[in-house]
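Colleague: Starting off with a structure, shown below.
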Amino acid sequence: MVMLSVHQDWQTLAREDILQFFGKNEPTFHGLNRLKIVTMILHKVLWLCTSLSLNARSPTEKVEVENLTLPIGVHVLLQIGLLHHEKFLLRSCLEAYL
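What the sequence shown shows, in the working numbering, is residues 1 to 98, in sequence order.
Here you go:
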């Protein structure tokens, strides 16, 4: 709801998507799966505002990432929110969604 209030253009697109598919009829559970814009908005919100904030991993073999080497058994804590906002990982324009 917060994202829709910030991005009113998304709200307009979602409303048009619902009205185009259902018209004046009451929405059904099976019909909700066919809403392309609403589904896209839900996926983007879940991607940007994830409920999992921290993910712990331990490599079982030596891992090399660019100039960083992780030995076996080291604990790596990944902050999911930060990973979702790194441009080098996204390879797309993040500002369009914030």
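Quick reminder that beta carbons are idealized off the backbone N, C-alpha and C, glycines included. Keep in mind it's a predicted model, so treat the numbers as computed, not measured.
If you measure between the beta carbons of Ala58 and Val76, is that distance less than 8 Å?
Modeller: Note that residue 58 is Ser in the sequence shown here, rather than Ala. Yes, Cβ-Cβ distance for Ser58 and Val76 is below 8 Å.
Colleague: Classify Trp47 as buried or exposed, calling it buried when 16 or more other Cβ atoms lie within 10 Å of its own Cβ.
Modeller: Exposed is the call here.
Colleague: Name the DSSP beta bridge partners of Val63, please?
Modeller: For Val63, which the question treats as bridged, DSSP gives the partners Leu70.
Colleague: So, are the CB atoms of Phe21 and Leu35 less than 8 Å apart?
Modeller: Yes, these two residues count as a Cβ contact at 8 Å.
Colleague: Would you mind stating whether Ala14 and Val38 have Cβ atoms separated by less than 8 Å?
Modeller: Their beta carbons are under 8 Å apart, which means Ala14 touches Val38 by this criterion.
Colleague: Terminal residues of the continuous alpha helix (DSSP H) containing Leu35?
Modeller: Taken as a continuous stretch (DSSP letters only), Leu35 belongs to no alpha helix (DSSP H), as it is neither H nor E.
Colleague: Can you give the Cα-Cα distance for Val2 and Asp9, rounded to whole angstroms?
Modeller: Each residue's alpha carbon lies about 13 Å from the other.
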